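Heads up: the structure comes next, in structure tokens.
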Amino acid sequence: MADAPILPTPEDYRACMRETPQTVSTAAGPVEYAERGSGERVLVVHGTLGGWDQGLVAGEFLRVNGFRIIAPSRPGCLGTPLSTGRTFVQQGDALAALLDALGIDRVRVLAVSGGGPATYELAARHPDRVSKLVQVDSICIPGPIPGMASRLLARDIFARANLWLLRHATRPTLAALFRVAGSDTNAVAAERAAKLAAIPGRSAALEATLRASLGSARRRSGMNNDFRVFTPAPLERIACPTLIVHGRADKTAPPANAEYAHTRISGSELYWMDGSHVAFGLEAVDTAPAYVVNWLRDEG
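So in numbering that gives the first Met the number 0, spot 235 of the sequence shown is number 234, and the numbers just go up one at a time.
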């Protein structure tokens, strides 16, 4: 494998938010997207309560290492209407239609969390369009539908409060996050938070992700649509090289999702991270992103 890649700076993440999206007409309907960087293209698909901005933030570690990020807003989020794809099958087809509209034959794909179902459908239904597939803490099987508490979190006031707390009370905020997103005891969560709070800039990716959930009213129909019970994608049909990256203690997208996909996608690789749903951008940032960058670069 190559040397450890570059990591984004806080300013890199802030620059993601300053990009300007555009909307194109596709065979599936309008799709909003933004692009950032140069080099080989990677389609980065955001999670629940996201949009093109969250996609750019999620893919920024790739951009600083020489990839060009294409980040669409999934249906019901920001500028992509829900009518473009209400089911995950339709969303997979909409991603293929976006590639058609952009004149892209094949592309590397990275998805996070709630972006999993649509991209698994893309790879299964359009196998000639995906050259490599990376799934980070992604959903692929139905789970408990989030209750009212989760829906209340989809309000700007909660994101703004968490942003303030991350800056002014970093350790207790991270500890609370670890308890919610993972399975730690209070003592373990506090110890993990203390280690991370001592590293300057370590919470930058999390802060940027929270910023990319502001304007929640324009993302809420997509979020509510994600909470529908769905039929898992036919993962056995996925033929492209596939890397599944997942936190061992993830309560938001339980590890059973990664195990389910790994056992059904022939030749897939499963990379475990210690930590919860936020491990990739916090605790595993020195290891997991490096592994993904080098895996995507590898032509073998």
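For glycine and all other residues, C-beta sits at the position ideal for the given N, C-alpha and C.
The model shown is predicted, which means the values in this text are computed figures rather than measured ones.
Just the C-alpha distance for K250 and L98, rounded to the nearest angstrom, thanks.
Roughly 33 Å between the two C-alpha positions.
Runs of 3 residues minimum, wholly inside the segment 17-88: which ones carry the beta strand (DSSP E) assignment?
Those beta strand (DSSP E) runs which fall completely within the segment 17-88 and span 3+ residues are 21-25, 28-36, 39-44 and 66-71.
Could you compute how far the alpha carbon of S24 sits from the alpha carbon of R166?
If I take the Cα positions, the gap works out to 40 Å.
From this set, T22, Q89 and P253, which residue's C-alpha is nearest E137's C-alpha?
Checking the displayed sequence, the identity of residue 137 turns out to be Ser instead of Glu. The candidate whose alpha carbon is nearest that of S137 is P253.
Have a look at L48 and D297 and give me their C-alpha separation to the nearest angstrom.
So the alpha carbons of these two residues sit roughly 32 Å apart.
Residues in the same chain with beta-carbon distance under 6 Å from A96, minus the five sequence neighbours each way, listed in chain order, please.
Here A96 has T25, A26 and A27 as same chain residues with Cβ atoms under 6 Å from its own Cβ, once five neighbours each way along the sequence are excluded.
At the level of alpha carbons, what is the spacing between S202 and N64?
Computed Cα separation, rounded: 20 Å.
If you pair each beta-carbon of the segment 188-198 with each one of the segment 224-239, do three or more pairs fall below 8 Å?
The segment 188-198, when compared against the segment 224-239, does not touch it at the 8 Å Cβ threshold.
With contact counted as at least three CB pairs below 8 Å, one residue from each stretch, are the segment 33-40 and the segment 225-243 in contact?
The segment 33-40, when compared against the segment 225-243, does not touch it at the 8 Å Cβ threshold.
Please classify V244: does DSSP put it in a helix, a strand, or coil?
Here V244 carries a strand assignment [DSSP, helix/strand/coil].
Excluding the five sequence neighbours on either side, which residues of its own chain have a C-beta within less than 8 Å of the C-beta of Q89, listed in chain order?
So the qualifying residues of the chain are A27, P74 and T83.
So the candidates are T172, T8, A186 and L77; which of them puts its Cα closest to the Cα of Q53?
Q53 has its Cα closest to that of L77, out of T172, T8, A186 and L77.
Return the chain-ordered list of same chain residues with a C-beta closer than 7 Å to the C-beta of E59, the five sequence neighbours on each side being excluded.
Same-chain partners within the cutoff: P7, D11, Y12 and C15.
Suppose contacts are defined by Cβ-Cβ distances below 7 Å. Is R107 in contact with L295 by that definition?
A distance below 7 Å separates the beta carbons of R107 and L295.
Using beta-carbon positions only, say whether L55 and I68 come within less than 7 Å of one another.
Their beta carbons are under 7 Å apart, which means L55 touches I68 by this criterion.
Is it buried or exposed, Q134, if we count other Cβ atoms within 10 angstroms and call 16 or more buried?
Label assigned to Q134: buried.
Within its chain, find whatever has a CB closer than 6 Å to the CB of T169; leave out the 5 residues flanking it on each side and keep chain order.
Result list for T169: A196, in chain order.
Since L195 is in the alpha helix (DSSP H), which residue starts that stretch and which ends it?
Residues N185 to A196.
If we ignore side chains and look at the alpha-carbon of each, how far apart do V284 and D92 end up?
Spanning the two alpha carbons is a distance of roughly 32 Å.
Classify E282: buried if its beta carbon has 16 or more other beta carbons within 10 angstroms, exposed otherwise.
Label assigned to E282: buried.
Could you pull the start and end residues of the beta strand (DSSP E) that S130 belongs to?
Unbroken beta strand (DSSP E) run through S130: V129 to V135.
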